[in-house]
Structures are given as structure tokens and as C-alpha cells.
Amino acid sequence: MNFKKSQKLYTKGLKNLVGAVNSPVRAFASVGGNPLFIKRAKGSTIIDVDNNRYVDLVLSYGPMILGHRHKKVQRAINKALKNGYSFGASTQNEIKLAKIVCDAFPSMDKVRFVNSGTEAVLSGIRLARAFTGKDKIIKFSGCYHGHQDALLVAAGSGLATLSLPGSKGVPEGAVKNTLIATYNDLDSVKRHFEEHDDIAGVIIEPVGGNMGVVIPQNNFLKELKVFLESKDALLIADEVMTGFRSKFGGAQELFDVEADITCLGKVIGGGFPVGAYGARNEIMEMVAPLGGMYQAGTLSGNPIAMAGGISTLTELKRQDPYQQFEEVGKQIETILLAAAEKYNVDLTVNRFGSMLNPFFTNVKVTNFEEAQSSDTEKFGVFFWEMIKNGVFLPPSQFEAWFLSSAITEEDLAKIEKAVNKAMEKVAE
Ligand code: PLP
278 MNFKKSQKLY TKGLKNLVGA VNSPVRAFAS VGGNPLFIKR AKGSTIIDVD NNRYVDLVLS
338 YGPMILGHRH KKVQRAINKA LKNGYSFGAS TQNEIKLAKI VCDAFPSMDK VRFVNSGTEA
398 VLSGIRLARA FTGKDKIIKF SGCYHGHQDA LLVAAGSGLA TLSLPGSKGV PEGAVKNTLI
458 ATYNDLDSVK RHFEEHDDIA GVIIEPVGGN MGVVIPQNNF LKELKVFLES KDALLIADEV
518 MTGFRSKFGG AQELFDVEAD ITCLGKVIGG GFPVGAYGAR NEIMEMVAPL GGMYQAGTLS
578 GNPIAMAGGI STLTELKRQD PYQQFEEVGK QIETILLAAA EKYNVDLTVN RFGSMLNPFF
638 TNVKVTNFEE AQSSDTEKFG VFFWEMIKNG VFLPPSQFEA WFLSSAITEE DLAKIEKAVN
698 KAMEKVAE
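Every position in the sequence shown, counted from 1, becomes a number in our numbering once 277 is added.
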């Protein structure tokens, strides 16, 4: 396997692109080496410009849940393209996608489409403040909610990958209303409420996916919701990653918890730039043009993106792959643990349905602090050996691996072989 063309493009890209990438985690900073450039993808396979073929466990960081270029999605997009790309006016497909989303999430009567997960969350936060008339927001350390100023503290993901505590350029004032709590620790939330009486709500990734995969323990989400109700504060579920992935109705369906405000992204656009936030009528009526909370977007509800979303979610519902995800995920988890045992490597695997990742530690990982006990150098060695053996992983210890319904038995055999080679290398 060689990476000559990727190397060439990387050098060329450095001239006019920052680090030759448009999102920092793509830069391979924490695993060493240079980024791969992708030529195309189909089904469960992604192919780089040097014609190396990989089983894709990145899946564009989640959206490609059906695999790449599913024929029904492709057909829907081709059809939409023929009618025009953007109108700045409403279309029937926005109503159709809104209905699919609201039917899947009982906590949402209405939804507003935006262009990314970041936009969904920043709008959801504004809405929580508008509805409650309070300013403070609690977030959990290690949860990432996009790159809006107010939440770019203790934010896991890219920041953790680059070992940054927060981002430069975020003024103190922008984070003065952000309080940090510890995932899976309700007392850490309660303490903030003892000190402040102006907390609008708590934002959470119902399953952490940006500090590696971290699963809510016991009844954490339910207890959090009950506690927030007692304080007239809102539960804001950032289901950008888990929405339509943990279950069709997201983590809320799986854990039987209704959020007050839900933020979505990734899967709902099927690979196109879409985000959404929604809530029950009483809350959504705060949003312009019905209410006084302003939020807008030139390309929001973009017709091509709506077609991508509708076709993806319709096919996803038809396939109902959640049991398959559970089984395949379990197989990969078993492969990882068996290889770790064989080569005597400390490994903890966290998995939630189709999201999983290994931590190179013997510590049980239930929060960001524990996630950071992972040996990231070992992850770097593991990562490159997986690449060389044809498995495309996120180039960061703190990003989840994703499964698509396009994964095959052959892919699993390739993953097993690669994991064993990679673990042997880690043990050297
Ligand atoms: N929220 C969560 C949970 C995410 O995982 C992400 C992105 O990874 C975002 C928000 C931001 O979404 P986007 O990258 O589409 O702006």
C-alpha cells in the first residue's frame, strides 16, 4: 500500500487550505503522518486517490448509515437536482422530512431545519434561554456540541485530539454562562443548581461520542430529566450523533426519556449539510416567525439536502438495521477484546449499538477523565496498522467508530485480520 498521491495532494493543499483540511480532526495530528485524500466511496468501502480500498468505519463521522451512495438515495438526489438547487422559499419536501422527524421523536411537535449540527445546537441553546428566561447552560466535560463559542470548553473531540483545553478566540464573556459538570455524575449537576438560580437547562450527548464512546450508566438520563423538571430547567438532548442511529427515535427512544429540546444532524441529511432542532409546540412557538427568538438561514431546508434526508430516513426505516448493528457491533467488540488478550494489551471497549471504540487502558471509561487515561500513542500505532490493512478509522482516540448497514461478512473478516495485526504491532 502506498500513499504517494495523497502525499502530493497534501503538500499542494497546504498552500491554500489550513493544514490541507477543512476540519481539524481530518489532519491526522494525533496519530502522526499525513491525511489521506479520498477519491470515491460505495457501500461499505472507501477508496483513496492511490486506489487503496478500505472498510469505512468513519462514514463521514456518522451520516452515511446506509453506506455510501445507496441507490435509492442517489436516485432521489438526481431527481431533486433536476428541479433546481435552492429557492429561498418553502418546498413540499421540507414538510415531508419534518413529519418523518416529528413522528420518530414524540418529544418534538415541530422542527426547524438548519445546515449543520453546530447550528442546530446553537439555536437549541438560544431557544432554551428564550423559553426559560434564564441564561446559564450546563454542559458535560468531554461532550462536543459543535464549535459555537459558548460550548467550546471542555469539549472533547477535536480539542482533546489536539490536546487543547479550549479554543483561542473565544471571549471570556461568551463562556461566562457555561457551567461544566461530569458525565454520569448527577451530583455534579445538582451542585451547580445549589449555586445558581438562573440555569436554563442542561445539554447532553445522550450517549457520549466525542470523548470516545461513553455510555450513560444506570438511570443517569432519566434521573437527570426528573431532577431538571423539579428545577424548571430544560433537558437539551444533542442527538446530532445518536439521532436515527441508536434507534430510529434516537437515544430518547432507547432510554425512554423525552427531552425538552432535541438537536439533530448527521444522519438526517444522509451526507448533505442538514441539522435540525425541535421541541413541543409550547417551546417551538418561541421561534420566529411565531415568536420572538430569531433564527434564520439562506440555505436552510435546501431541496437537495431534504431529498437526501427523506430518502435516507425512509430507507433506514424500511431496513430497520438496529438489531444487525447490535450483532455486528458485538462481533467487532469481541474481535478487539480477543486480540487484546492474545497480545496482552490493556484495552477497554465501549460500544453502544453501531458506535464503538477501543481505549488503550484497563480503566472502565464512564467519563472524559477516564477516557483520557487511554494511551494515545498506542492508538496511533494501532490506527496506522489498521489503515495499512484496509480499515479506515477516525484518526483520533476520541472519535467513535461507526457502522453502516452496508457492512458485509467479508468486511468483518478484513477487520478481524487487521485488528490482530494492529494489536500485535501495539504489543511490540
Ligand atoms: N453535536 C454532536 C454530538 C456532534 O457529534 C457534532 C459533530 O460531530 C456536532 C454537534 C456538530 O455538528 P457539525 O459538525 O455538523 O456542525
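C-beta atoms are modelled at their ideal positions from N, C-alpha and C, and glycine is treated no differently.
Taking the DSSP output, what are the residues bridged to residue i?
i: N634; result: N627
i: I315; result: D325
i: L456; result: I415
i: G606; result: Answer is none; G606 lacks a bridge partner.
i: T539; result: A514 and G555
i: R522; result: Its beta-bridge partners do not exist; DSSP assigns none.
i: F679; result: M632
i: G443; result: V430
i: M341; result: Bridge partners of M341: none, in fact.
i: R389; result: Y554
i: M570; result: V564
i: V668; result: V332
i: V490; result: Beta-bridge pairing links V490 to no other residue.
i: G320; result: H345
i: G485; result: V491
The beta strand (DSSP E) that contains residue i, what's its start and end?
i: F504; result: Here F504 belongs to no beta strand (DSSP E); instead the alpha helix (DSSP H) covers F497 to S507.
i: F656; result: Counting along the chain, F656 falls outside any beta strand (DSSP E), though it belongs to the alpha helix (DSSP H) covering T653 to K665.
i: R330; result: R330 to D333
Less than 8 Å between the beta carbons of residue i and residue j, yes or no?
i: I587; j: I377; result: yes
i: M663; j: A617; result: no
i: V642; j: V332; result: no
i: I538; j: L511; result: yes
i: E252; j: P493; result: Since the first residue shown for the chain is 278 and the last is 705, residue 252 is missing from the structure and cannot be characterised.
i: V326; j: S283; result: yes
i: D223; j: N639; result: Since the displayed the chain opens at 278 and closes at 705, residue 223 lies outside it and no answer follows.
i: N461; j: N644; result: yes
i: K416; j: I457; result: yes
i: G562; j: G555; result: Before going on, a small fix: residue 562 reads as Glu here, not Gly. Taking 8 Å as the Cβ cut-off, E562 and G555 do not qualify as a contacting pair.
i: S321; j: I684; result: yes
i: R389; j: Q572; result: yes
i: G423; j: V398; result: yes
i: L336; j: F679; result: yes
i: A427; j: V452; result: yes
i: S393; j: G552; result: yes
i: G339; j: M518; result: yes
i: G296; j: W661; result: no
i: I354; j: I581; result: yes
i: V298; j: P671; result: no
i: F525; j: K594; result: yes
i: K698; j: M278; result: no
i: F382; j: G486; result: no
i: S367; j: R522; result: no
Which residue from the options puts its Cα closest to that of residue i?
i: V350; options: S631, A584, I323 and T455; result: A584
i: H473; options: V484, V391 and T455; result: T455
i: G578; options: Y362, A353 and L567; result: Y362
i: P550; options: E559, H347 and G574; result: G574
i: E705; options: N279, I476, A405 and E654; result: E654
i: P448; options: L429, T611 and N627; result: L429
i: D386; options: I481, D475, N558 and K502; result: N558
i: E471; options: G489, G485 and F504; result: F504
i: I476; options: I414, I581 and L286; result: I414
i: I342; options: D412, K411, K499 and D597; result: D597
i: V703; options: T591, G542 and G657; result: G657
i: K281; options: V605, N360 and I315; result: I315
i: M570; options: K543, T409, V298 and L463; result: T409
i: L689; options: S631, I612 and F636; result: I612
i: E396; options: A565, A431 and L541; result: L541
i: C717; options: K698, Q601, G548 and A677; result: The question about residue 717 has no answer, for the chain in this structure spans 278 to 705.
Output the boundary residues of the alpha helix (DSSP H) element that contains residue i.
i: R468; result: L463 to E472
i: I481; result: I481 -> not in any alpha helix (DSSP H); beta strand (DSSP E) instead, spanning I476 to I481.
i: R403; result: G394 to T409
i: I377; result: Q369 to A381
i: V302; result: First-last for V302: undefined, no H or E at that position.
i: I684; result: First-last for I684: undefined, no H or E at that position.
i: M583; result: P580 to Q596
i: I531; result: It should be pointed out that residue 531 corresponds to Leu in this sequence rather than to Ile. Residues G527 to F532.
i: G290; result: K281 to N293
i: N621; result: Where N621 is concerned, there is no enclosing alpha helix (DSSP H), given that its DSSP letter is neither H nor E.
i: N360; result: K348 to N360
i: E705; result: Note, E705: premise wrong, no alpha helix (DSSP H); not H, not E.
i: A648; result: F645 to A648
Any chance the CB of residue i is under 7 Å from a heavy atom of the ligand SAH?
i: D623; result: No copy of the ligand SAH occurs in the structure displayed; its ligands are the ligand PLP alone.
List in chain order the residues whose CB is within less than 5 Å of at least one heavy atom of the ligand PLP. Matched residues: S393, G394, T395, H422, G423, E482, D515, V517, M518 and G542.
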